[in-house]
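Chemist: Got a structure for you, questions after.
2 protein chains.
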Amino acid sequence: MIHIRPDGQGAVEVEAKVGILKDKHTGQRLQLPVLVETILTPNSIDSRFESNMTLAQHKHFNSILNNLKTFSAQPGHTSAPLEYTHLHLVDTFYQPDSTRDKDKVRVTRDEKSGTVLECMQKVRLGNLDVYSPKRAADWRISVNMEIPVPPPIGTATLTRKKDRMSYAHEEFTIDLTQVTSSTSPTSKSEVLHELELEVARPDYLLSTASKRGDPNVSETERNAFDELIRAFVNNARILVRNAGEGWQ
Amino acid sequence: MIHIRPDGQGAVEVEAKVGILKDKHTGQRLQLPVLVETILTPNSIDSRFESNMTLAQHKHFNSILNNLKTFSAQPGHTSAPLEYTHLHLVDTFYQPDSTRDKDKVRVTRDEKSGTVLECMQKVRLGNLDVYSPKRAADWRISVNMEIPVPPPIGTATLTRKKDRMSYAHEEFTIDLTQVTSSTSPTSKSEVLHELELEVARPDYLLSTASKRGDPNVSETERNAFDELIRAFVNNARILVRNAGEGWQ
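Read top to bottom, the protein sequences are chains A and B. Residues in the first sequence are numbered from 1 upward in steps of one, following my numbering. Residues in the second sequence are numbered from 1001 upward in steps of one, following my numbering.
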C-alpha cells in the first residue's frame, strides 16, 4: 500500500474519508457484483473517489455527532466523552520551490487572527478504496506524510476556507468540514462538505507499529497496533453505516 | 439467500465446498478487482463453481486432516478429537415421478452390503459464492433440503461411487471424497475429488436459529446460531487457506 517513504522528518497522517466511488465513464456510483464490503485492487478500475456530501447530510452527521457528544458526557457512560472544537481555518496552497517536486505546500492560518498554524508539504504514500455495497457511501483510507517546510514565497494558487467541527474520541479525530475553495479573490467559489476520521496521535501509531508482535513487550503493547487499526476501521464503518442518500 | 421453503418434512443441509469460480467465457479462474474475500451477488456474473481438485491436492488435504486427527487425539489437547470414518457408498439417481419436479431422487447404498442407507430428494434452496483472491481456491455455501422419499421405480440415470474419508469435529463434518461417475455400465467413467464441510446436526442448527436473539433464553442459547455460523465460516476459511495450486 505504501509505495514511497520520503526521507526527512514528518508526521504520518492516516485518515478515512467517507464518500462515493464513481465510475469515471458513467459518472455514477461504482457497481461491482459483490454483496459485502471489499477493498478495491489499486489502479484496477477506472474510478474516482468523491468525498462531497450534501448540506443535508452534513447536518445529519453534525446532529449524530452532537448527540454522541452529549450522550458520552453523561455520568455512568462507559467510554471516554467526545471533545469538541469548532475551527475556522484558511489554507493557502503554493507551488513547491523545486519543479521536480509535485506536492504543493500548504499554509494553514487561523481565520480570525491570521496566525500561521502549520506550513506543510503533504506527500501521498497510498490509498485504499473500500467499496460498501450495503451502505449509501463508500470510504477511502489515505496515508500521507506531512512534512514541515519553511514559509513559501510567491502567490497562492488556491485558497480554501475550512469551517470545521472537530470531535476527538479516544485515539481518533472526526472532522466534519465545510470547505469553500477559490482560485482567486474574483473567481466563483466552490463549497464542499466532507467527513474524515483521523488517527489522532501519529507518533503513537508508529510506536505501536514498531512493537507489533515483539515477544519482548507485554501482550497489550504487542497487540496495540492491531487494536488501534481495528478501532479505526470500526469507527470508519460506523460513520459509513450512518450515511444516508446525499452524495454528490 | 433462501428463495423457497418446500413444504413437508426434511432436513436442512448446510455445506461449504472448496473449489474454483470460473469465468464461463474464458474458462479461467474468475478475476475481480478486489483485494479481499467477498461474496458474489447471485446471478450477476457469468461464472460457474467447480469443486474438482487434483489427486495431489486430495492427498495433501488427506495428510493435513490425518495429522489434525492424530494431533487432536493427544492427551492435553484442548479441543475435541477428530473422529474418522472411511465410507464406501454408491449413489444412484432417478428421474422424479412428477414431471413438474426437477429435482432428482438419490438412493445411497453401502457399496459392500448393498444396504439402502438413504432415499432422498435434494431441493436446492440457495448458494452463495465466496471469491477469495488471496487464496488458491474459492468456496461455495449451499443450503438444501433433503426430503426422504419412497424408493423410486425405473432405471437409474447416473451412478456415482463415493470413496469418502469423513472427519467429524465438534459440530461439523469434513468430507474428502473421490467420486467416480458413470451414466451407464459401459460408458467411460469420470473421477472427481471433492472437499466439503457440513453442519453435522441440522436439527441443532434450526433449533439455535429459532432462539436467535430471544430475550427469554440464556445468552449462550441466544448467541448459539451466530456462534455456529462463525465456526462454520472459520472452518471453511481454514480449508481454503490450506488449498494449494491444483484445481481443475
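Even glycine gets a Cβ: it sits at the ideal position worked out from N, Cα and C.
Name, in chain order, the residues that DSSP records as bridge partners for valine 12(A).
Modeler: In DSSP, valine 12(A) forms a bridge with Met145(A).
Chemist: Which residues, in chain order, does the stretch 1033-1052 of chain B contribute to contact with chain A at a C-beta distance below 7 Å?
Modeler: Going along the stretch 1033-1052 of chain B in chain order, one finds Pro1033, Val1034, Leu1035, Val1036, Thr1038, Ile1039, Leu1040, Thr1041, Ser1044, Ile1045 with a Cβ nearer than 7 Å to chain A.
Chemist: With DSSP as the reference, label arginine 1237(B) as helix, strand or coil.
Modeler: Of the three classes helix, strand and coil, the one that applies to arginine 1237(B) here is helix, per DSSP.
Chemist: Tell me the residue span of the beta strand (DSSP E) that contains aspartate 1163(B).
Modeler: Aspartate 1163(B) -> beta strand (DSSP E) spans 1158-1169.
Chemist: Cα-Cα, which of Ala1136(B), Met1053(B), Lys1112(B), Gln1031(B) is closest to isoleucine 1045(B)?
Modeler: Comparing Cα positions, the closest option is Gln1031(B).
Chemist: Step through the CB atoms of chain D and report whether any lies within less than 8 Å of the CB of lysine 22(A).
Modeler: No chain D is part of this structure, whose protein chains are labelled A and B.
Chemist: Do you know whose CA, among Lys24(A), Tyr204(A), Thr159(A), Thr38(A), lies nearest valine 105(A)'s CA?
Modeler: Checking every option, the nearest Cα to that of valine 105(A) belongs to Thr159(A).
Chemist: Grab me the residues of valine 1012(B)'s own chain with a C-beta within less than 7 Å of its C-beta, minus the 5 sequence neighbours each way, in chain order.
Modeler: Excluding residues within five positions, the ones whose Cβ falls inside 7 Å are Val1143, Met1145, Pro1202, Leu1205, Leu1206.
Chemist: If we ignore side chains and look at the alpha-carbon of each, how far apart do valine 1014(B) and leucine 1197(B) end up?
Modeler: Each residue's alpha carbon lies about 9 Å from the other.
Chemist: Output the distance between the C-alpha atoms of aspartate 91(A) and alanine 168(A), rounded to the nearest integer angstrom.
Modeler: Cα-Cα distance, rounded: 21 Å.
Chemist: Return the bridge partner residues of isoleucine 39(A) from the DSSP annotation.
Modeler: Bridge partners of isoleucine 39(A): Val130(A).
Chemist: Excluding the five sequence neighbours on either side, which residues of its own chain have a C-beta within less than 8 Å of the C-beta of arginine 1048(B), listed in chain order?
Modeler: If we look at arginine 1048(B) and ignore the five residues flanking it on each side, its Cβ neighbours are Leu1021, Lys1022, Lys1024.
Chemist: I need the boundaries of the alpha helix (DSSP H) containing serine 1210(B), first residue and last residue.
Modeler: 1202-1210 is the extent of the alpha helix (DSSP H) around serine 1210(B).
Chemist: Given a cut-off of 8 Å, decide if glutamate 1194(B) and lysine 1017(B) are closer than it, judged by their beta-carbon atoms.
Modeler: Taking 8 Å as the Cβ cut-off, lysine 1017(B) and glutamate 1194(B) qualify as a contacting pair.
Chemist: In angstroms, rounded to a whole number, what distance separates the CA positions of phenylalanine 93(A) and threonine 157(A)?
Modeler: Approximately 6 Å between the Cα atoms of the pair.
Chemist: Taking lysine 1134(B) as the reference, which of Val1123(B), Leu1239(B), Met1120(B), Val1036(B) has the closest Cα?
Modeler: When only C-alpha atoms are compared, the closest one is Val1036(B).
Chemist: Any contact between the stretch 1217-1232 of chain B and the stretch 1076-1087 of chain B? By contact I mean 3 or more CB pairs, one from each, below 8 Å.
Modeler: Taking 8 Å as the limit for Cβ pairs, the verdict is that the stretch 1076-1087 of chain B does not touch the stretch 1217-1232 of chain B.
Chemist: Can you round the beta-carbon distance between glycine 1019(B) and aspartate 1175(B) to whole angstroms, since I take them to be within the 8 Å contact cut?
Modeler: That belief does not hold up - the Cβ atoms of glycine 1019(B) and aspartate 1175(B) are roughly 14 Å apart, past 8 Å.
Chemist: Measuring alpha carbon to alpha carbon, tell me which residue in Glu111(A), Gly114(A), Lys102(A), Ser113(A) is nearest arginine 124(A).
Modeler: Out of Glu111(A), Gly114(A), Lys102(A), Ser113(A), Lys102(A) has the C-alpha closest to the C-alpha of arginine 124(A).
Chemist: DSSP beta-bridge partners for histidine 86(A)?
Modeler: Partner(s): Met165(A).
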